[in-house]
Every structure is written in C-alpha cells, then in structure tokens.
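Note that the sequence shown covers residues 6 to 99 in my numbering. Cβ coordinates follow ideal geometry from the N, Cα and C atoms, glycine included.
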Amino acid sequence: MDFTRDQLELIRKRLRERKATTACTVCGHSDWIVSGIHMMSIGDTPGGLVLGGASLPLISLTCKNCGNTLLMNLKVLELERELVKTAEGGTTNG
Ligand SMILES: [Zn+2]
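This is the structure:
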C-alpha cells in the first residue's frame with residue numbers, strides 16, 4: 006500500500022520532530038524511501054504462528070543509494086491511529 010502525500014508528510018514531520026533524520030549508517034547518504042505498513046507478527050513460540058496474534062505496525066525506510074532498510078514502530082511514533090486504520094481498515098492488537 007502506498008501512502009498518500011499527506012501521510013508521507015505526516016511521517017516525515019514526525020521523524021523530524023523526533024530527530025530521526027540520520028544519514029544511512031552503511032553508505033552515508035540521506036535519501037530514504039518510506040514504504041508501506043508492515044505488520045510484524047510477534048510471539049514467544051519459535052517457529053509457531055498464531056493467527057490473530059499480537060503484531061507490531063511498522064514502516065520501513067530504505068536508503069535510496071544502498072538499500073539499507075530500517076524498521077520504525079508506528080506505536081512509538083504515535084502514528085498508528087492515523088496510518089494503520091486508513092491502510093488496513095481496522096485496528097491492531099498487541
Ligand atoms: Zn545507504
């Protein structure tokens with residue numbers, strides 16, 4: 006799912022507010038691609054998959070130069086409500 010222009014601006018604004026504007030730790034470039042929401046399943050059972058279990062809402066930032074990819078937690082960024090509901094049409098649990 007691609008973010009709207011308004012959503013991208015909201016994400017960039019929040020990252021600036023949190024001073025999360027570092028250059029890529031691998032190559033030093035500072036151009037990042039913000040991609041869609043990734044729901045990462047979390048659990049304590051190795052190899053186990055719990056349908057409907059807890060998950061973390063993440064966005065990824067990918068360096069345009071080398072592909073280094075960072076995952077940012079939307080709960081910590083306090084963007085879950087603004088982004089996950091509109092993207093998934095529902096809420097997250099966990
Ligand atoms: Zn890089």
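heavy atom of ligand 1 below 7 Å from residue i C-beta
| i | result |
| --- | --- |
| residue 31 | yes |
| residue 78 | no |
| residue 34 | yes |
Residue span of the beta strand (DSSP E) that contains residue i, given as start and end
| i | result |
| --- | --- |
| residue 38 | 37-46 |
| residue 61 | 60-68 |
Whole-angstrom distance between residue j and residue i, CA atom to CA atom
| i | j | result |
| --- | --- | --- |
| residue 85 | residue 64 | 10 Å |
| residue 70 | residue 32 | 8 Å |
| residue 82 | residue 52 | 29 Å |
7 Å Cβ shell around residue i - same chain, five flanking residues per side excluded
| i | result |
| --- | --- |
| residue 47 | 59, 60, 61 and 99 |
| residue 13 | 39 |
Cut-off 8 Å between Cβ atoms - residues of its own chain near residue i, not counting five sequence neighbours on either side
| i | result |
| --- | --- |
| residue 26 | 20 and 35 |
6 Å Cβ shell around residue i - same chain, five flanking residues per side excluded
| i | result |
| --- | --- |
| residue 74 | 65 and 67 |
Please determine if the stretch 76-89 and the stretch 30-37 are in contact, where contact requires at least 3 C-beta pairs separated by less than 8 Å. no
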